[in-house]
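Below: the structure, in structure tokens.
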Amino acid sequence: MRIPRHLAPFALLGVLALAGCGGGTQTDDSAPAAASTASASATASATPTVAPTPSPMPDPAMPVLHSKTYEEARAEFTRQDISPARLTAAAQHKDVVLPRDHDAWYICDASPGHGTRLTAATTVTVKLAEDFSDCTTSFNGYLHQKNDPAYTPPAPKPKPKPTAAPRTAEPQAPAPAPKKTAPKPAGGSMITCSDGKQGYACTSNGHPVVDGQFCAKADRGRTLKATNRTMVTCSYDPSITPYRWQ
């Protein structure tokens, strides 16, 4: 088709306009890739990080409480991160009433035993005595033998009957004065203690005196002959608590 010369400029402008419209319509291929990367980052950030589960702590072991005071046992529990409230105190003997303030009393026995693992449900029971030497004294569970229902006290010895003076008119010569003999040391004669064991002397609890054995509070300062024929005194030894026959 032939275009007249006077219409040529207008035709050229139309062609250029069409070319400009066609060139301006383009698609950005990079937009979907950027959106995918942002979505992946958001998904990774939303996933929580699981911390490792710590291993459970083992149950504490029962410490050694024998011969300690009740106050020392509570301090030992606190030192080992064991609650002192788990301690339950009771008297060692049936005829002894445990006072409210028993911190200075000694532990004769503890349950459970040393080394036992203390679970959350375990209760520790300790048996107490005012004097540690009383821990080894027991009359069927009683501290004093007279309180034992099975104890039968010995019958009292009969009094000797007075003898009648001989009838004589002659005055009697005065009896010669008895010879003075050297006093025997305490516990020198062979006697039998109330528990049936034969020894050279008896403690205040009725037991034979044994060299090196614990002695009761009532015997402190006494000097007696032990079963090994040596004289011993109930005295305090700083290296051994409490008093011993030595």
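If you count the sequence shown from 1, you need to add 424 to reach the working numbering. Ideal placement from N, C-alpha and C gives every residue a C-beta, glycine not left out.
Selection Lys649, Ala515, His526 and Asp643 evaluated against Ser659 yields Asp643 as nearest (Cα-Cα). Here Met655 is bridged, per DSSP, to Lys649. Counting the other CB atoms within 10 Å of its CB gives Asp505 a total below 16, which places it among the exposed residues. According to the DSSP assignment, Tyr494 belongs to the alpha helix (DSSP H) that extends over Tyr494 to Arg503. Asp558 is the residue among Asp558, Ala509, Ala545 and Asp519 whose C-alpha sits nearest the C-alpha of Trp529. Boundaries of the beta strand (DSSP E) around Cys532: Tyr530 to Ser535.
Burial of Asn629 is indicated by the presence of at least 16 other C-beta atoms within 10 angstroms of its C-beta. Between Arg510 and Thr547, the beta carbon gap of about 6 angstroms places them in contact (Cβ cut-off 8 angstroms). Per the DSSP secondary-structure output, Arg668 pairs in a beta bridge with Phe638 and Ser659. Contact between the segment 559-566 and the segment 515-528 is present: three or more C-beta pairs spanning the two stretches fall below 8 angstroms. A straight line joining the alpha-carbon of Thr512 with that of Pro580 spans about 44 angstroms. A Cβ-Cβ distance of about 30 angstroms is found for the pair Ala485 and Arg524, leaving them out of contact under the 8 angstroms criterion. Collapsing the DSSP output to three states places Pro476 in coil. Beta bridge pairing from DSSP links Pro580 with no other residue.
The secondary-structure analysis by DSSP pairs Cys626 across a beta bridge with Pro632. In the three-state reduction of the DSSP assignment, Arg524 falls in the coil class, being assigned neither a helical nor a strand state. Here Asn652 has Asp635 as same chain residues with Cβ atoms under 6 angstroms from its own Cβ, once five neighbours each way along the sequence are excluded. Judged by their CB atoms, Asp533 and Glu495 are not nearer to each other than the 8 angstroms cut-off.
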